[in-house]
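Notes to accompany the following structure.
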Amino acid sequence: MRPYFVAALSHESAGNSRVVINNHTFNLPNNVTQGKYGLGGTLDIVEDISTYAEIHYQKGNKAKSPFNATIGVCVSC
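Counted from 1, the sequence shown has number 21 at position 18 by the working numbering; the numbering is strictly sequential.
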């Protein structure tokens, strides 16, 4: 098994969005900077086939995401 740590920083500068719901207008700023932190591992099953699992958390200046998990199989990685 090969464990790993993931850290990333992303910035979205898409401008502002205006949404109207039931005649109420909401202005949503899309200038968001957030960090992603995670732990994972890869396990080789046989030659050219491996499995992986990762759990990560995202937090930014205007948004927060709960823990997310990803699992999968990779062929010829």
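By construction, the Cβ of each residue, glycine as well, lies at the ideal position given by its N, Cα and C atoms.
The three-state reading of DSSP puts ASP47 in strand, counting E and B together.
A Cβ-Cβ distance of about 7 Å is found for the pair VAL76 and ILE52, placing them in contact under the 8 Å criterion. In the DSSP annotation of this structure, the continuous segment of the beta strand (DSSP E) that includes LYS67 starts and ends at 67–78.
The Cβ atoms of PHE70 and LEU42 do not sit closer than 7 Å to each other.
The beta carbons of GLY44 and LYS62 sit about 23 Å from each other, so the pair does not count as a contact at 8 Å.
Residue nearest to SER13 within the set PRO6, THR73, ASN34, ASN26 is ASN34 (criterion: CA-CA distance). Taking C-beta atoms as the reference points, TYR40 and ALA10 count as a pair closer than 7 Å.
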